[in-house]
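Protein chains: 2
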Amino acid sequence: MRADAATLLEYGTDALKRGHPADLVVIPGSAAEISAIARLCHDMRVPLVVRGAGTGYSGGAVPTEGGIVLSVERLNRILEIDQGNLLAVVQPAVITGVLQAAVEAQGLFYPPDPQSLKESSIGGNVAECAGGPRAFKYGVTKRYVLGLEAVLPTGEIIRTGGRTVKNVVGYDLTQLLVGSEGTLAIITEITLRLVPKPPAVATLRACFADVRAAARAVGALVGRRVVPSTIELMDRDSLDTVAAYVGERLAPAGTGALLLIEVDGVPAAVEAEADAVAAACRDVGALEVLRARSEQEREALWRVRRETSYALRTIAPLKLNNDVVVPHGRVPELIDLVERLRAEYHLRIPSFGHAGDGNIHVNVMVDPADAEAMARATKAVGALMEGVVALQGSISGEHGIGFAKKAYIGLELSEDVIALMKRVKAAFDPHGILNPGKIFP
Amino acid sequence: MRADAATLLEYGTDALKRGHPADLVVIPGSAAEISAIARLCHDMRVPLVVRGAGTGYSGGAVPTEGGIVLSVERLNRILEIDQGNLLAVVQPAVITGVLQAAVEAQGLFYPPDPQSLKESSIGGNVAECAGGPRAFKYGVTKRYVLGLEAVLPTGEIIRTGGRTVKNVVGYDLTQLLVGSEGTLAIITEITLRLVPKPPAVATLRACFADVRAAARAVGALVGRRVVPSTIELMDRDSLDTVAAYVGERLAPAGTGALLLIEVDGVPAAVEAEADAVAAACRDVGALEVLRARSEQEREALWRVRRETSYALRTIAPLKLNNDVVVPHGRVPELIDLVERLRAEYHLRIPSFGHAGDGNIHVNVMVDPADAEAMARATKAVGALMEGVVALQGSISGEHGIGFAKKAYIGLELSEDVIALMKRVKAAFDPHGILNPGKIFP
Chain A
70 MRADAATLLE YGTDALKRGH PADLVVIPGS AAEISAIARL CHDMRVPLVV
120 RGAGTGYSGG AVPTEGGIVL SVERLNRILE IDQGNLLAVV QPAVITGVLQ
170 AAVEAQGLFY PPDPQSLKES SIGGNVAECA GGPRAFKYGV TKRYVLGLEA
220 VLPTGEIIRT GGRTVKNVVG YDLTQLLVGS EGTLAIITEI TLRLVPKPPA
270 VATLRACFAD VRAAARAVGA LVGRRVVPST IELMDRDSLD TVAAYVGERL
320 APAGTGALLL IEVDGVPAAV EAEADAVAAA CRDVGALEVL RARSEQEREA
370 LWRVRRETSY ALRTIAPLKL NNDVVVPHGR VPELIDLVER LRAEYHLRIP
420 SFGHAGDGNI HVNVMVDPAD AEAMARATKA VGALMEGVVA LQGSISGEHG
470 IGFAKKAYIG LELSEDVIAL MKRVKAAFDP HGILNPGKIF P
Chain B
70 MRADAATLLE YGTDALKRGH PADLVVIPGS AAEISAIARL CHDMRVPLVV
120 RGAGTGYSGG AVPTEGGIVL SVERLNRILE IDQGNLLAVV QPAVITGVLQ
170 AAVEAQGLFY PPDPQSLKES SIGGNVAECA GGPRAFKYGV TKRYVLGLEA
220 VLPTGEIIRT GGRTVKNVVG YDLTQLLVGS EGTLAIITEI TLRLVPKPPA
270 VATLRACFAD VRAAARAVGA LVGRRVVPST IELMDRDSLD TVAAYVGERL
320 APAGTGALLL IEVDGVPAAV EAEADAVAAA CRDVGALEVL RARSEQEREA
370 LWRVRRETSY ALRTIAPLKL NNDVVVPHGR VPELIDLVER LRAEYHLRIP
420 SFGHAGDGNI HVNVMVDPAD AEAMARATKA VGALMEGVVA LQGSISGEHG
470 IGFAKKAYIG LELSEDVIAL MKRVKAAFDP HGILNPGKIF P
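If you're matching them up, the sequences are chains A and B in order. Position 412 (the first sequence) corresponds to 481 in our numbering; numbering is contiguous. Position 400 (the second sequence) corresponds to 469 in our numbering; numbering is contiguous.
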């Protein structure tokens with residue numbers, strides 16, 4: 070238990086950088102201790118906010134109404150890796166990348182790969198239903214969660230799901246808890262489905278004159294029945310940002326959009342699919358297609374993407390990172406919309422992301438000290454959200470709503486749906502103590 | 070609207086064959102009409118039971134407390150197949166096999182393949198979260214449901230999810246409705262994710278002396294990092310039943326267990342994986358491994374499995390079809406348990422199913438006119454359920470609970486979990502009018 074001012078603010082702040090101090094920080098060591106804390110908070114009507122690694126982008130771990138921050142950091146063990154049954158049992162504070170390395174050492178694979186995987190924890194990934202580049206082939210976190218142990222805000226310790234892929238006994242509370250942003254229960258143990266590690270992978274980089282051509286390549290891949298594990302798109306503004314940052318262009322002259330594509334599987338399939346990827350990209354007018362022939366070449370092709378986050382920081386101090394998603398065929402319309410927002414609001418908006426899923430991170434860059442610029446940025450984000458919903462998309466594909474985006478959920482969800490979700494919330498948390506002020510306006 | 074006695078009983082009976090007549094059958098043509106019916110039932114406290122194709126094995130569509138049966142049979146259109154965005158929008162009464170044929174004609178693929186796919190409808194598949202042989206590679210129905218339109222028991226027409234694979238806006242009501250057995254809402258439209266149709270498939274049949282050897286083969290495949298789309302297991306009792314029915318043994322002498330294995334993907338991968346499958350099976354002592362080289366040979370290998378349902382009918386009039394599931398490494402223990410039940414209760418219990426998932430259909434065969442045999446069969450089913458839970462499995466992997474298995478859910482779910490599920494039910498259906506008497510004891 071800690072209550073010094075620095076700790077209270079540190080534990081009240083996440084990657085959104087809009088923190089609020091906790092009144093108290095508790096760091097329990099077991100589900101039983103968490104149960105006792107929850108019961109007390111329930112009885113006393115004290116807000117209780119669960120914190121994982123604090124890498125969320127939507128403020129989900131921020132105690133906006135004060136109260137107790139419960140950090141699960143001590144629940145950091147991999148309890149079991151069951152090679153025969155293709156599953157792992159882990160505590161929530163296990164770092165995602167650590168789990169991946171542990172299972173890969175046994176020939177297994179945990180596909181979800183949020184960019185933050187070296188810092189973010191499985192518990193947070195589950196609470197937010199994290200995605201990542203490989204989701205096009207492998208799906209997001211929810212596809213890998215078989216079962217949970219969780220503490221209800223009223224103190225009961227429950228188990229949902231189990232150790233089997235098929236399970237239709239009662240309501241799927243497991244899937245309901247995944248992505249519930251710490252508002253329904255406190256996750257204390259996670260049973261994850263694993264898959265055999267693909268024996269081979271190929272990495273290709275295709276450069277295009279513009280985003281429209283790059284988007285045509287995605288359609289061409291589907292037409293050739295190829296399912297890459299990863300199709301990452303970078304737009305012109307992102308490429309320009311990286312070029313300015315590293316002091317050289319990392320793609321040939323004339324490149325206005327770039328795709329990083331990976332295929333994985335058995336070696337024979339990877340060869341065939343890599344050829345199909347290259348052919349599909351050339352068919353739709355790629356300026357250049359390169360395939361990595363070594364781990365070193367693979368790193369070189371990915372470099373432009375990996376430098377992006379660092380490069381963005383040189384444009385403006387604040388990144389409003391919008392993880393919007395549209396049906397992938399409508400990515401060109403989304404990119405057109407971003408272009409209009411750039412012109413109308415006079416902002417840099419580098420955009421990149423997971424083109425196969427239609428999940429593009431639209432980064433509105435702004436100096437928070439400049440009130441006038443902030444007002445323009447806020448308007449641009451609002452217009453983006455409206456535009457995305459008009460394109461049959463969703464305002465958040467990976468980061469969740471937290472408190473950062475709750476003003477926008479009425480664009481996507483009807484009043485009846487929001488009312489229903491609030492009734493579901495009350496079924497778990499009758500006094501509304503768990504992560505109050507999140508998701509709902 | 071129909072109310073003659075024959076119709077009331079016909080619409081009150083499903084594949085479980087333990088029907089109860091409805092008081093009234095309504096066959097609405099739109100979500101708006103369904104909304105009006107729901108609102109009336111809610112106001113008048115009249116039970117309302119939704120019926121799809123009536124192929125369920127757990128009595129989920131039976132109006133056990135009377136009231137209105139609402140058949141969605143008129144909502145039978147495929148509204149959209151969007152090749153570019155890999156999705157389909159369908160009404161609930163579309164027959165699963167019809168949808169599969171329609172999307173395959175466009176080079177797309179809807180993987181879930183319950184055995185009933187020529188009769189069962191997508192709406193019922195979603196309500197029960199249907200599985201099938203291909204779930205080992207492709208997963209069950211819930212992995213393919215992106216969005217729903219549904220009518221709440223209180224009459225509101227809601228939309229959940231959408232047209233994107235990534236969507237983390239609010240609670241995942243879509244996944245909560247999948248598998249909720251018609252107790253939370255009436256599904257009126259379904260948006261399904263599709264994948265590119267695998268260009269090639271290979272079918273192999275491997276014969277083993279016993280189930281333990283066959284189960285070792287499943288482990289050996291995982292060890293070779295091969296993920297077949299299908300691994301179907303048949304046990305000795307099933308093989309004997311089919312042999313007696315068709316008048317010849319469809320497998321070589323000495324076969325005590327048989328696996329039907331399919332791999333699919335790009336042709337080069339299928340070749341490599343088919344070779345790996347054959348090698349893995351031989352490694353663990355297969356008596357024979359055959360690979361189909363034509364569609365005709367493929368049909369011949371599958372014949373033994375396809376004849377099973379017909380063959381079972383010749384043993385006894387009633388099949389208590391238990392779709393139990395265990396972690397696949399524990400399938401041998403499950404088969405041992407079934408052997409003990411056969412001996413202890415003097416029953417024929419042919420067992421077969423989806424070995425990759427650990428989902429084995431344990432068919433307790435009995436003559437319902439023989440009260441003494443029925444009592445033994447009931448005891449055997451109870452012992453099976455207890456044994457499955459002890460093996461870290463689940464009492465239902467595909468069929469749901471309905472009213473047929475609700476006496477057993479306390480074996481798998483704690484009182485706290487059942488109480489929570491009932492609170493979730495009340496959040497959707499405060500008067501409990503929708504499919505009353507199901508799932509919960």
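By construction, the Cβ of each residue, glycine as well, lies at the ideal position given by its N, Cα and C atoms.
| Query | Result |
| --- | --- |
| The alpha helix (DSSP H) with residue 194(A) in it runs from where to where? | 191 to 197 |
| Tell me whether the segment 486 to 496 of chain A and the segment 76 to 95 of chain B touch, counting them as touching only if at least three CB pairs, one residue from each stretch, are closer than 8 Å. | no |
| Between the Cα of residue 344(B) and those of 337(A), 508(A), 376(A) and 77(A), spot the shortest distance and give me the residue it belongs to. | 337(A) |
| Between which two residues does the beta strand (DSSP E) holding residue 151(B) run? | 147 to 151 |
| Looking at chain B, which residues of the segment 394 to 412 of chain A have a Cβ within less than 9 Å of any of its Cβ atoms? | 394, 395, 396, 397, 398 and 399 |
| Answer yes if the segment 242 to 255 of chain A comes into contact with the segment 357 to 375 of chain A, meaning at least three C-beta pairs across the two stretches below 8 Å, and no otherwise. | no |
| Starting from the beta carbon of residue 257(A), find every residue of chain B whose beta carbon is closer than 9 Å, and list them in chain order. | Neighbours of residue 257(A) on chain B: none; closest Cβ ~14 Å, over 9 Å. |
| Please list, in chain order, all residues of the same chain as residue 427(B) whose beta carbon is under 6 Å from its beta carbon, the five residues on each side excluded. | 394, 395, 396, 397 and 400 |
| Can you tell which of 294(A), 464(A) and 134(A) has its C-alpha closest to the C-alpha of residue 154(B)? | 294(A) |
| Using 8 Å as the cut-off, can you tell me whether the segment 230 to 237 of chain B makes contact with the segment 464 to 475 of chain A, which would need three or more C-beta pairs spanning the two stretches below that distance? | yes |
| With DSSP collapsed to three states, give me the class of residue 516(A). | Absent from the structure is residue 516(A), since the part of chain A shown begins at 70 and ends at 510. |
| Which residues of chain B have a Cβ atom closer than 9 Å to the Cβ of residue 508(A), listed in chain order? | 238, 239 and 240 |
| Does at least one heavy atom of the ligand GDP sit under 8 Å from the Cβ of residue 330(B)? | Of ligands this structure carries none, so the ligand GDP is not represented either. |
| If you measure between the beta carbons of residue 326(A) and residue 282(A), is that distance less than 9 Å? | yes |
| Which complete alpha helix (DSSP H) runs does the segment 92 to 137 of chain B hold, if anything under 4 residues is left out? | 100 to 113 |
| Pick out whichever of 275(B), 80(B) and 296(B) has its Cα sitting closest to the Cα of residue 320(B). | 275(B) |
| For residue 111(A) and chain B, any beta-carbon pair shorter than 9 Å? | no |
| Out of 437(A), 419(A) and 131(A), state which residue places its alpha-carbon closest to the alpha-carbon of residue 429(A). | 419(A) |
| Can you check whether the CB of residue 409(B) is closer than 9 Å to the CB of residue 208(A)? | no |
| Label residue 423(B) either buried or exposed according to how many other C-beta atoms from any shown protein chain fall within 10 Å of its C-beta, with 16 as the threshold for buried. | buried |
| Give, in chain order, every unbroken run of the beta strand (DSSP E) that is at least 3 residues long and sits entirely within the segment 421 to 492 of chain A. | 428 to 435 |
| Using the DSSP secondary-structure output, state which residues sit across from residue 272(A) in a beta bridge. | 331(A) |
| When the Cα of residue 223(A) is compared with those of 506(B), 485(B) and 507(B), which residue comes out closest? | 485(B) |
| What is the residue span of the beta strand (DSSP E) that residue 387(B) lies within? | 387 to 394 |
| Which residues of the segment 283 to 310 of chain A have a Cβ closer than 7 Å to any Cβ of chain B? Give them in chain order. | 288, 291, 294 and 296 |
| Short of 8 Å in beta carbon distance, which residues of its chain neighbour residue 514(A), apart from the five on each side in sequence? Order them along the chain. | In the structure as shown, chain A begins at 70 and stops at 510. Residue 514(A) is therefore absent and cannot be evaluated. |
| Quick one, which of 160(A), 79(A), 339(A) and 302(A) has its alpha-carbon nearest residue 94(A)'s? | 79(A) |
| Can you list the beta strand (DSSP E) stretches of 3 or more residues lying completely in the segment 168 to 249 of chain A, in chain order? | 214 to 220 and 226 to 230 |
| Between residue 335(B) and chain A, is any beta-carbon pair separated by less than 9 Å? | yes |
| If you follow the beta strand (DSSP E) that residue 360(A) is part of, which residue opens it and which one closes it? | 357 to 360 |
| Is it buried or exposed, residue 127(B), if we count other Cβ atoms within 10 angstroms and call 16 or more buried? | buried |
| By the 8 Å beta-carbon criterion, what residues does the segment 187 to 203 of chain B contribute toward chain A? | 197, 198 and 200 |
| Comparing the C-beta of residue 450(B) with each C-beta of chain A, is any distance below 9 Å? | no |
| Give every residue of the same chain whose Cβ lies closer than 7 Å to the Cβ of residue 161(A), excluding the five residues on either side of it in the sequence, and list them in chain order. | 121, 141, 144, 190, 191, 192, 256, 257 and 259 |
| Starting from the Cα of residue 111(B), find the closest Cα among 96(B), 272(B), 221(B) and 226(B) and give me that residue. | 221(B) |
| Answer yes or no: does any C-beta atom of chain A fall closer than 9 Å to that of residue 500(B)? | no |
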